[in-house]
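Below is one structure, written out as structure tokens; the observations come after it.
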Amino acid sequence: MAEAPYDSSAEVDKLYDLGERLAEAKDKSQHAGDYLNIIKAAKEGSVKVKQLAAQLIPKFFKYFPSFSQQALDRLIDFCEDDVLGVRVQAIRGLPLLCKENPENLSKIVDVLAQLLLAGENVERDAVHKALMSLLQQDIKTSLTVLFKFIGNADEPSNDEIIREKVLFFIRDKVFPLKSELLKPQEQMERHITDLIKKSLQDVTGAEFIMFMNFLRSLSLFGRNAPVERVQELVEIIEEQADLDAAFIVSDGDHIDRLISCLHMALPLFMRGASSSRFLIYLNKHILPVFDKLPEKRKVDLLKNLAECAPCATPQDSRQLLPPVVQLLRKHMVRRKVDEINFIYIECLLYVFHSLAHKTPNATNSLCGYKIVTGQPSDRLGEDFSEYYKDFSERLRTTEDLTKAMVKKLTQGMSEHNKAMTAAKTDEEKDIIKTKKQNSTIALRTCNNILSMIQPLHSTLPSFIGAEKINLSWKDARNPSAPSTAPVSGTKRAAANSNDHSTRTLKRGRGGRGVRHQLVGKALEGLYRGGRAARGWGGRGRGRGRGRAFW
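The sequence shown maps to residues -18 to 531 in our numbering.
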């Protein structure tokens, strides 16, 4: 015989009665049995029973502390229910369990963070609102729990998918509301800074940029921040750049990370932070093996070095000049039959001028100049005439080749203008427009080279300060996209431990070049990208366990 269909109306009516009795009672503690019956009835009840219980449990939660654990467990069970309406109702009720019982907040934030995996929009929105409510109630505790899901070297994240969802939530919901949430401001900005610094021990390149952009937006590191705080940001970047690690030419990830971190630190150097560690590392590890680096990384490195050079101290300048002059000698050729790379020369001459401007007599023994400062380092009693002869010859040859290139580029611009007039389709016009932009950048490069060579012909040269030369790429309106290189890496190792105070939910729901034979390759570097960080891909930071950073 068929079993009669289950009628839940009686159970629903019973719950309504229990709820009304509790609402009307002046001394609710005398009705503990009614509250316990609500919790028990919800265990095996129908959908309507569960939804009603999910409303009643948080409503009267504060009056029955002896049943707090049972009530919390039942509401968390509802968060894993198969029915969307039950889940959403339970999620909305979770923050209410913390208003009078703040000791529950850590566990509930932990549960809600796991529920960020929700696939339904209405459910995900409920989770976001619940988390925002708890962040407003106790920002310090809530952030601390959320950042545990991001992990660090000592406590790695257990779940990559949850980690990513938490990161997205922090980026999209928390960071934009920092002025409202981070109160008291200085104390909470320091707290989130410390949390981020711990998490940066194990991040991808994109995550690092996200966090650094946020830190720079804080008042703690704002425009009026003392140099010590600006230096703190530089030290974070230095840590990511692995400046304590030995450099291996074949380690593409490290050179990409180094270049990207150097570029990220440039604005901070302009604010008074020290560039010494970067410059020392470049001098010791990178410039000596410059010619062994991948071709597409050389331009990036030289551009960033050029922008960094004006911030060098006199001591760093003296140490860095020898390898820079050595590279200049290599790339400023003596014979016109040789090829030259104009962007290399622009960068190196700019670095040379910037460094020599701060320690001019260091060029005596390097280039054969005769600059007198009255210091023993002038070395005026020594004969460096051969160095001067060689350097001067290279300057003249480079100057001649550059003037020839200017003439060709100017002629080419005239041809581009004619071609633009004759172009019929938008596609043809776009191609010509790109060629004109590239030629314009190339002309800036060549003109900068000529401006920097002219004052170097004398045995008593003048060195141009950084403010007198505007580097060619800094004016480019539409620079080419940065080069990308695939970087291999290993996945982050997953930890097996789990905090005993948290509860892991059982299931989650859920992108006409110049043909002259002498300069055919000379402009290659001009049109490559070279400013933005690249390869922000997979995981494996190269510190044993980490993420593939860049």
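Glycine included, each C-beta is placed from N, C-alpha and C at the ideal position.
- prompt: Going along the chain, which residues of its own chain have a beta-carbon closer than 7 Å to the beta-carbon of His200, five neighbours each way excluded?
  reply: Here residue 200 refers to the residue found at position 219 of the sequence shown. Strictly speaking, residue 200 in this sequence is Ser, with His absent from that position. Result list for Ser200: Gln166, Glu170, in chain order.
message: For the structure I just gave you, are there three or more beta carbon pairs, one from the segment 312 to 330 and one from the segment 351 to 362, closer than 8 Å?
response: no
- prompt: What is the DSSP secondary structure of Asp183, reduced to helix, strand or coil?
  reply: In the sequence shown, the residue the question calls residue 183 occupies position 202. Of the three classes helix, strand and coil, the one that applies to Asp183 here is coil, per DSSP.
query: Under three-state DSSP, which class holds His266?
result: Taking the first residue of the sequence shown as position 1, residue 266 is located at position 285. Helix at His266.
Whole-angstrom distance between Ser257 and Phe444, CA atom to CA atom: By one-based count along the sequence shown, residue 444 stands at place 463. By one-based count along the sequence shown, residue 257 stands at place 276. Cα-Cα distance, rounded: 22 Å.
message: In this structure, how does DSSP classify Thr174 when only helix, strand and coil are distinguished?
response: Position 193 of the sequence shown, counting from 1, holds the residue named residue 174. It is helical.
- prompt: What residue from Pro275, Ile236, Leu214 has the CA that sits closest to Met245's CA?
  reply: For the purposes of this step, residue 245 is identified with residue 264 of the sequence shown, where counting begins at 1. Among Pro275, Ile236, Leu214, the Cα nearest to that of Met245 belongs to Leu214.
field: Spatial distance of Leu176 from Arg252 (CA atoms)
entry: Position 195 of the sequence shown, counted from the start, is the residue given in the question as residue 176. Position 271 of the sequence shown, counted from the start, is the residue given in the question as residue 252. The alpha-carbon atoms of Leu176 and Arg252 are separated by roughly 25 Å.
field: Residue closest to Phe365, alpha-carbon to alpha-carbon, out of His438, Ala13, Leu347
entry: One-based indexing of the sequence shown puts residue 365 at position 384. Of His438, Ala13, Leu347, the residue nearest in Cα terms is Leu347.
query: Which of the three DSSP states, helix, strand or coil, is assigned to Glu136?
result: Mapped onto the sequence shown, residue 136 falls at position 155. DSSP places Glu136 in coil when its eight states are reduced to three.
task: Indicate the three-state DSSP secondary structure (helix, strand or coil) for Tyr325 in the structure shown.
output: Within the sequence shown, the letter at position 344 stands for residue 325. Note: Tyr325 maps to helix in three-state DSSP.
Residues near Ser255 by beta carbon distance below 6 Å, same chain, minus five either side: Position 274 of the sequence shown, counted from the first residue, corresponds to residue 255. There are no such residues.
query: Secondary structure at Glu25, three-state DSSP: helix, strand or coil?
result: Indexing the sequence shown from 1 puts residue 25 at position 44. Coil at Glu25, not helix or strand.
task: Taking 8 Å as the threshold, find out whether the segment 57 to 76 comes into contact with the segment 104 to 111 through three or more Cβ pairs.
output: yes
message: Can you give me the C-alpha to C-alpha distance between Phe192 and Lys405, rounded to a whole angstrom?
response: Counting from one through the sequence shown, the residue named residue 192 turns up at place 211. Counting from one through the sequence shown, the residue named residue 405 turns up at place 424. When rounded, the separation of the alpha-carbon atoms in Phe192 and Lys405 is 47 Å.
- request: Would you give the residue range spanned by the alpha helix (DSSP H) that Asn398 belongs to?
  value: Here residue 398 is taken as the residue at index 417 of the sequence shown, counted from 1. Start and end: 366 to 403.
Alpha-carbon spacing of Cys292 relative to Leu65, whole angstroms: In the sequence shown, counting from the first residue as 1, residue 292 sits at position 311. In the sequence shown, counting from the first residue as 1, residue 65 sits at position 84. Approximately 59 Å between the Cα atoms of the pair.
task: Might you give, ordered along the chain, the residues of its own chain that have their beta carbon closer than 6 Å to the beta carbon of Phe250, omitting 5 neighbours on each side?
output: Here residue 250 refers to the residue found at position 269 when the sequence shown is read from its first residue. Hits under 6 Å: Ser256, Cys292.
message: Since Lys43 and Asn82 should fall inside the 8 Å C-beta cutoff, what is the C-beta to C-beta distance between them, to a whole number of angstroms?
response: As a position in the sequence shown, residue 43 is number 62, starting the count at 1. As a position in the sequence shown, residue 82 is number 101, starting the count at 1. Yes, they are in contact, since the Cβ atoms of Lys43 and Asn82 sit about 7 Å apart, within 8 Å.
query: Exposed or buried, what is Thr185 when buried is set at 16 or more other beta-carbons lying within 10 Å of its beta-carbon?
result: Locating residue 185 in the sequence shown gives position 204, counting from the first residue. With 16 or more other Cβ atoms within 10 Å, it is buried.
task: Return the CA-CA distance between Tyr325 and Ala206, expressed in angstroms with no decimal places.
output: On the sequence shown, position 344 is the one that residue 325 refers to. On the sequence shown, position 225 is the one that residue 206 refers to. If I take the Cα positions, the gap works out to 36 Å.
message: Can you tell me whether His438 is helix, strand or coil according to DSSP?
response: Start at 1 with the first residue of the sequence shown, and residue 438 comes out as number 457. Here His438 carries a coil assignment [DSSP, helix/strand/coil].
task: Give the C-beta separation of Val147 and Leu116 to the nearest angstrom, bearing in mind that I take them to be a contact with Cβ-Cβ under 8 Å.
output: Locating residue 147 in the sequence shown gives position 166, counting from the first residue. Locating residue 116 in the sequence shown gives position 135, counting from the first residue. In fact, because the Cβ distance is near 13 Å, the residues do not count as touching under 8 Å.
query: What residue from Ser27, Glu380, Pro341, Ile19 has the CA that sits closest to Asp297's CA?
result: Residue mapping note: residue 297 aligns to position 316 of the sequence shown, counting from 1. Answer by Cα proximity: Pro341.
query: Counting pairs of Cβ atoms below 8 Å between the segment 306 to 320 and the segment 400 to 420, do you hit three or more?
result: no
task: Whole angstroms is fine: what's the gap from Leu452's alpha carbon to Cys427's?
output: One-based indexing of the sequence shown puts residue 452 at position 471. One-based indexing of the sequence shown puts residue 427 at position 446. In a straight line, the C-alpha of Leu452 is about 11 Å away from that of Cys427.
- prompt: How many Å lie between Ser395 and Asn419 at the Cα?
  reply: On the sequence shown, residue 395 is found 414 positions in, with the first residue counted as 1. On the sequence shown, residue 419 is found 438 positions in, with the first residue counted as 1. The straight-line gap from Cα to Cα measures roughly 14 Å.
- request: Express the C-alpha separation of Pro442 and Gln435 in angstroms, rounding to a whole number.
  value: Translated into positions along the sequence shown, residue 435 becomes position 454. Translated into positions along the sequence shown, residue 442 becomes position 461. Taking the straight line joining both Cα atoms gives about 9 Å.
is_contact[Gly393, chain B] using C-beta, thresh 8 Å: Among the protein chains of the structure shown there is no chain B, as only one such chain exists.
query: According to the neighbour-count rule (16 or more other Cβ atoms, all chains shown, within 10 Å of its Cβ), is Asn285 buried or exposed?
result: Here residue 285 corresponds to residue number 304 of the sequence shown, with the count starting at 1. Here Asn285 is buried: its Cβ has 16 or more other Cβ atoms, across all protein chains shown, within 10 Å.
task: Please name the residue, chosen from Thr125, Gln212, Pro157, Val305, that lies closest to His172 on a Cα-to-Cα basis.
output: Here residue 172 is taken as the residue at index 191 of the sequence shown, counted from 1. That would be Thr125, whose Cα lies nearest to the Cα of His172.
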